[in-house]
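Enquirer: Would you mind keeping the following structure in view while I ask a few things?
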Amino acid sequence: MASSTTTPTPDSTAPTNSRSRVIVASLIGTSIEFYDFYVYATAAVLVFPALFFANADPTVELLSSFAVFGVAFVARPVGSIVFGHFGDRIGRKNTLIASLLTMGIATVLIGLLPTATAPGWQILAPTFLVVLRFAQGFGLGGEWSGAALLATENAPAGRRAIYGTFPQLGAPIGFLIANGVFLVLNLTMSADAFTSWGWRIPFLGSAVLVVIGLYARFKLIETPAFTKVVETGNVARLPIARVFVSSRRPLILGTFIMLATYTLFYLMTTFTLTYGTTASNAATAAAAAQAAGKPFNAAAFVPGLGYSRTEFLLMLIVGVVFFGIFTLVSGPLAERFGRRRLLLVVTFAILVFGFLFVPLFAGGFAGAQALLILGFVLMGLTFGPMGAVLPELFPANVRYTGSAVSYNVASILGAAVAPFIAVALWGAANGSTFLVGVYLSAMAAITLVALLLSRETRDVDYSANLS
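Per my numbering, the sequence shown runs over residues 26 to 492.
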């Protein structure tokens with residue numbers, strides 16, 4: 026129950042975060058966090074299967090790499106509870122600094138890790154990779170929610186959804202930087218050099234980005250909404266318990282509202298990169314395996330599109346540019362038409378999009394590029410409003426915990442298993458992506474149900490709303 030303490034009169038002379046400071050601090054933090062996360066996602070496809078999970082069967086190598094990729098998503102809800110606790114008790118600013126440090130340090134250490142090919146590291150290397158991957162997910166579990174609250178709790182009236190797109194824009198920016206770095210490395214060094222040591226550069230480079238992010242966040246002051254929670258004596262002693270008691274329904278609905286968004290994104294990035302760069306026929310795959318000095322299992326081979334790494338990374342980068350553009354477009358749309366109405370339309374479009382996988386992928390370069398562009402347009406339109414939608418579902422004194430738990434539990438249901446399931450469905454269909462598209466459509470249908478059961482949050486009183 027909310028305290029009966031009288032709310033103090035706001036001090037008009039109290040310091041506030043400027044618009045530019047809010048934009049930079051929320052955007053740069055999530056850009057760095059997503060950069061770190063996508064560096065691993067890209068390496069999980071391109072080099073980690075052979076470096077950490079050497080096996081005679083390339084499919085087993087790939088699935089093992091994706092399994093470790095999924096470890097971070099298991100860690101994210103744990104991180105959301107821990108960072109959410111401190112974010113709702115001691116404030117948004119210090120918690121955001123801690124989450125950034127956690128993931129940044131883990132990423133740099135991955136870049137220093139010996140591989141399983143080093144003497145004595147056959148078991149230790151993948152073990153430490155799992156531990157560091159868990160730390161990455163743990164840090165990201167607290168990052169997104171804090172950045173979203175930093176943006177929306179500093180937003181002027183009627184502009185929360187617009188401000189909420191600032192941290193969301195970190196996703197395409199982080200992806201572009203991470204994959205741009207990998208692309209430059211692929212163009213400037215041999216395949217042997219890249220596999221031997223070049224893959225470490227993006228991980229070690231994260232240290233520079235973390236320093237920039239820390240500088241931006243140390244200059245922040247606490248958000249007005251949390252300051253009011255403290256002044257009125259409504260700080261939750263145990264936020265995770267309070268959110269389950271007072272906001273159980275929003276917690277469940279928020280999780281499933283994010284489901285289609287997560288599934289779409291990780292299919293469009295991780296799975297499409299795998300599918301796009303897999304040889305289109307067994308003869309080509311056998312020749313590549315022979316050139317690399319590896320055995321080839323014709324029975325386990327599943328055909329893909331046959332593009333080179335460089336070609337498909339460029340195609341992905343083109344698609345992600347549209348992701349960024351439509352993330353920004355989604356903010357004004359969500360303010361004008363409402364969050365719920367916009368998401369209902371976009372989620373139905375995602376459901377239909379799932380059935381376009383086969384015809385678009387079969388359309389050669391133009392078809393594959395069209396699929397990537399269309400998928401990332403939908404991604405921008407569904408991901409952009411989430412920076413406002415999920416926090417608006419929860420009272421101010423449990424907002425960090427509630428939005429973080431919903432966001433990150435959805436990451437397990439929609440993202441951790443998505444690449445793994447997609448690869449399995451792709452293999453079961455002997456190279457067809459039809460079942461992968463059906464899987465996406467099914468996740469979109471579940472999100473539609475959650476949206477229909479939810480309410481519009483555009484006019485929620487963001488500061489006065491307490492549990």
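Note that beta-carbon positions come from the ideal geometry of N, C-alpha and C, so glycine has one too.
These numbers were taken from a predicted model, which means no experiment stands behind them.
1. Can you give me the start and stop residues for the alpha helix (DSSP H) that T302 sits inside?
2. Could you tell me the distance, in whole angstroms, from the CA atom of P144 to the CA atom of L415?
3. What's the C-alpha gap between T280 and S479?
4. If we ignore side chains and look at the alpha-carbon of each, how far apart do G166 and A312 end up?
5. Taking just the CA atoms, how far does M340 sit from G389?
6. Rounding to the nearest angstrom, what Cα-Cα distance links Y332 and V463 in this structure?
7. Are the Cβ atoms of R101 and G171 separated by less than 8 angstroms?
8. Nearest-angstrom Cα distance between L154 and L138?
9. Use the C-beta contact count for T213: other C-beta atoms within 10 angstroms, 16 or more gives buried, fewer gives exposed.
10. Determine the DSSP secondary structure at R184, reduced to helix, strand or coil.
11. Please confirm whether T288 and A69 have their CB atoms less than 8 angstroms apart.
12. Report the rounded CA-to-CA distance for G392 versus L245, giving the unit in angstroms.
13. Give me the Cα-Cα distance between Y487 and P420, rounded to the nearest whole angstrom.
14. What number of angstroms, rounded off, separates the C-alpha of I135 from the C-alpha of F228?
15. Which residue comes first and which comes last in the alpha helix (DSSP H) that contains D486?
16. If you draw a straight line from the C-alpha of T335 to the C-alpha of L396, how long is it?
17. What number of angstroms, rounded off, separates the C-alpha of T458 from the C-alpha of A250?
18. Our contact map puts F408 next to G95 with C-beta atoms below 8 angstroms; I'd like the distance itself, whole angstroms only.
19. Under a Cβ-count criterion, where at least 16 other Cβ atoms within 10 Å of its own Cβ denotes burial, should S29 be classed as buried or exposed?
20. Considering Cα atoms alone, identify which of V64, M283 and R44 is closest to I202.
21. Would G405 and F347 qualify as a contact pair, given that the criterion is a beta-carbon distance under 8 angstroms?
22. Which runs of the alpha helix (DSSP H) fall wholly inside the stretch 193 to 247 and span at least 4 residues, in chain order?
23. Can you check which of these residues, F73, N42, I53 and G427, is closest to I277 by C-alpha distance?
24. Figure out for me which residue from T297, A441, A173 and A325 has the closest Cα to the Cα of A310.
25. Answer yes or no: do S105 and A429 have a C-beta to C-beta separation smaller than 8 angstroms?
26. Run through DSSP, which three-state label would Y291 get?
27. Keeping to the same chain, check which residues put their C-beta closer than 7 angstroms to that of S45; ignore five residues upstream and five downstream.
28. Could you compute how far the alpha carbon of I265 sits from the alpha carbon of V434?
29. Which residues in the same chain have their Cβ closer than 7 angstroms to the Cβ of G238, if we skip the five residues on either side of it in sequence?
30. So, for F290: in the same chain, excluding its five sequence neighbours on each side, which residues have a beta-carbon less than 8 angstroms away from its beta-carbon?
31. May I ask whether a heavy atom of the ligand SAM can be found less than 7 angstroms away from the beta carbon of A186?
32. How many angstroms separate the CA atom of L473 from the CA atom of N179?
33. Return helix, strand or coil for R101, following the three-state DSSP convention.
34. Fully enclosed by the stretch 366 to 430, which alpha helix (DSSP H) runs are 4 residues long or longer?
35. Please report the straight-line C-alpha distance between F159 and T132, rounded to a whole angstrom.
36. Please identify the residue among F59, T67 and V49 whose C-alpha is closest to the C-alpha of F337.
Expert: Concretely, from the data shown:
1. Here the alpha helix (DSSP H) through T302 covers T297 to T302.
2. The straight-line gap from Cα to Cα measures roughly 48 angstroms.
3. The C-alpha of S479 is placed about 12 angstroms away from the C-alpha of T280.
4. Their backbone Cα atoms lie some 42 angstroms apart in a straight line.
5. In a straight line, the C-alpha of G389 is about 13 angstroms away from that of M340.
6. Counting only the Cα atoms, V463 lies some 24 angstroms from Y332.
7. Contact flag unset, no.
8. Whole-angstrom Cα-Cα distance: 8 angstroms.
9. Exposed, because fewer than 16 other Cβ atoms sit within 10 Å of the Cβ of T213.
10. Looking at R184 - three-state DSSP - the assignment turns out to be coil, as it is neither helix nor strand.
11. Annotated as distal: T288 and A69, with beta-carbon spacing of 8 angstroms or more.
12. The C-alpha of L245 is placed about 46 angstroms away from the C-alpha of G392.
13. Cα to Cα, the separation comes out at about 8 angstroms.
14. Going from the Cα of I135 to the Cα of F228 covers about 7 angstroms.
15. First-last for D486: undefined, no H or E at that position.
16. For T335 and L396, the distance between alpha carbons rounds to 18 angstroms.
17. Each residue's alpha carbon lies about 46 angstroms from the other.
18. Not a contact, Cβ separation roughly 20 angstroms.
19. Here the model assigns S29 a pLDDT of 37, short of 50, so the residue's position is not dependable, and the following value carries that caveat. When all chains shown are included, S29 counts as exposed.
20. Closest option to I202, judged by alpha-carbon separation, among V64, M283 and R44: V64.
21. Taking the C-beta atoms as reference points, F347 is found nearer than 8 angstroms to G405.
22. Correct list: 195 to 213, 225 to 229 and 231 to 243.
23. Closest option to I277, Cα to Cα, is G427.
24. The shortest C-alpha to C-alpha distance from A310 to any of T297, A441, A173 and A325 is the one to A325.
25. Yes, these two residues count as a Cβ contact at 8 angstroms.
26. Reduced to three states, the DSSP call for Y291 is helix.
27. Correct list: empty, nothing qualifies.
28. Computed Cα separation, rounded: 14 angstroms.
29. I53, G54, I57 and L125.
30. Counting only Cβ-Cβ distances below 8 angstroms, and skipping sequence neighbours, we find A196, M404, F408 and A440.
31. Summarising the ligand content, the structure contains no ligands, and the ligand SAM is consequently not present.
32. Rounded to whole angstroms, L473 to N179 spans 30 angstroms at the Cα level.
33. Under the three-state reduction of DSSP output, R101 falls in the helix class.
34. Correct list: 382 to 386, 389 to 408 and 411 to 417.
35. Between the alpha carbons of F159 and T132 lies a distance of about 11 angstroms.
36. Closest by alpha carbon: T67.
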